[in-house]
């Protein structure tokens, strides 16, 4: 009888430990965004590892989807990915990122290099004001915050392309690991 009780206690302890580990894993899973490439899922302050990954991957331009309509039957359009200037020239807004999960647009570089003091809607909560989006994008592009963040993004991209990042040894290991798994 005593052996049975000891065995039951041991099983309960094991079960309790397993339940605790499962609970911790579940809590950790809630901290992982479902789609790390959806800018709407990013925290307001992004750690350097995720930032590096996102800069290497670049923004995803959502093209081949039917964008959901709002109550006024307006929706995001891919024409916003290109800015048309008054002289007829066009410029890609490669910094514009559409979030499928939230049906909003964000500024890729401002979201990546966001600071605690950021006031930009496109770097914090995003925008789905489709009626006024063109003017919002035009004014956002000229803000000091956007210009600074755009410069930081371009600089980091250049450092990656030239293998001049601060953690070059770590980056080389990551690249070797990527190649290993590609060939696997």
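Residue numbers (the numbering used here): 7 to 190. Every residue, glycine too, gets a C-beta built ideally from N, C-alpha and C.
Going by DSSP in three states, residue i sits in which element: helix, strand or coil?
i, result
"residue 75", "coil"
"residue 70", "coil"
"residue 81", "coil"
"residue 51", "coil"
"residue 64", "coil"
"residue 154", "helix"
"residue 166", "helix"
"residue 39", "Residue confidence for residue 39 is low, a pLDDT of 49 falling below 50, so the modelled location carries little weight; the figure read from the coordinates is stated next. The answer is coil: DSSP assigns residue 39 none of H, G, I, E or B."
"residue 161", "helix"
"residue 44", "coil"
Which word fits residue i, buried or exposed, when buried means at least 16 other C-beta atoms lie within 10 angstroms of its C-beta?
i, result
"residue 70", "exposed"
"residue 187", "exposed"
"residue 65", "buried"
"residue 151", "buried"
"residue 82", "buried"
According to DSSP, what are the bridge partners of residue i?
i, result
"residue 90", "96"
Tell me the rounded alpha-carbon separation between residue i and residue j.
i, j, result
"residue 43", "residue 108", "13 Å"
"residue 158", "residue 119", "8 Å"
"residue 121", "residue 169", "26 Å"
"residue 147", "residue 101", "10 Å"
For a minimum of 4 consecutive residues, which ranges assigned as the alpha helix (DSSP H) are wholly contained in the region 99–147? 114–118, 139–147
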